Amino acid sequence: MEHKLYHGNSAYLSLERVHNHIKEIQAKESSIEVLFYDADSTDPEKIVDILASQNLFAPKRILIFKRFSKNKKKDNILTNLEEIFKNNNSQDIALFWEDQKVKANTKYFKIFKKNTEELTELNKRSFLPWLRERLKEAGLKIQPEALKTLATRTNFNPERCLNEIDKFLLNENLDTVTLEDVNALITDTLEETIWALIDAINQGNSGRSLEILENLNKQGTDPNYTISMLARNIRMVTLTKYLIENNHSYKDIASLLKTPPFLVPSLVSTSKNYKEEKLKTIYSKLSNLDFQIKTGQIDGNLGLTLICPYL
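My numbering applies: residue 0 is where the sequence shown begins, and numbers increase by one.
This is the structure in structure tokens:
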């Protein structure tokens, strides 16, 4: 019987690979039946019955068993599974999916032998080549700067990135994704979060500030990126304050800061709430923290948490 195990610490990518495998089979056999089972809660004996039930004259099926490793009684049927995979001549295809990495020294892993595929979490170094390849598969090219911005805007999240690629595909005339396309179509949710953090700091709401920082940490946001964005926004607020005090129009501000016009009102509003000394203090504290992180004196997330109430 054809069988395969998909696992790894990236549940999204491994499950996506299962669905792609199904599509590959369906492209050749469109009428094939696909059945899903929650193997973590299904009686193991029933799983054995499902796998062993098909006869030579029954329609071919794809059987997907999800999270079998979490079934408390799984050890009772591992020998049965091994026998079925080895001796059953059924046309069925059994795909096992786990939302975590399965250790190679377990019997469960070993019964699949070489029929396993591990999908690991992407890091920032591996994410860009992965994203470029996914765009290529979708028939799209992308400019280098647009690629980096797309990755950053989606916080290096594969699922969010693929959703944004789907948006690009709605434009049938789009061949190469430019930085302008990314800026026009994708909301910079991290940018919005940083603005929310600045507002909370400005209001002296340390509870809200810490809550936002905790959410950024949970999302896996690089603390160095958070600091750079905070510093960038503080610079923009400082420049806006200077330009307003020198009677520049909103149009002038947008042009000089090279920022979208719709962002100018919020910049102006924020700048009016900050005194010059406060802006200098925040920028100085961020600079010192940046130095301490880069020289290994403090963990980035801890540093931000400690400094935030004093900004």
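Note that the Cβ used here is the ideal one computed from N, Cα and C, for glycine as well. From a predicted model like this one, the values you see are computed outputs, not experimental measurements.
Whole alpha helix (DSSP H) runs in the stretch 204 to 265 with 4 or more residues, listed along the chain?
205 to 217, 222 to 244, 249 to 256
Quick check on the DSSP output: what are the complete alpha helix (DSSP H) runs of length 4 or more inside the stretch 29 to 70, in order along the chain?
43 to 51
May I ask which residues mark the beginning and end of the alpha helix (DSSP H) holding residue 134?
Per DSSP, residue 134 belongs to the alpha helix (DSSP H) from 123 to 136.
Where does residue 309 sit, in a helix, a strand or coil, going by DSSP?
helix
How far does the alpha helix (DSSP H) with residue 108 in it extend, from its first residue to its last?
106 to 109
Measuring only the C-alpha atoms, how far is residue 183 from residue 5?
37 Å
Per DSSP, what kind of secondary structure is residue 317 in: helix, strand or coil?
Look at the range of the chain in this structure, 0 to 310, and you will see that residue 317 is not part of it.
Beta-ladder partner(s) of residue 93, from DSSP
Residue pairing from DSSP places residue 93 in a beta bridge opposite 2, 62.
May I ask you to report which of helix, strand or coil DSSP gives residue 164?
helix
Consult DSSP for residue 171 and reduce its assignment to one of helix, strand or coil.
Residue 171 carries a coil assignment under DSSP once its states are collapsed to helix, strand and coil.
Can you tell me whether DSSP reads residue 281 as helix, strand or coil?
Looking at residue 281 - three-state DSSP - the assignment turns out to be helix.
From the DSSP secondary-structure annotation, give me the bridge partner or partners of residue 17.
Answer is none; residue 17 lacks a bridge partner.
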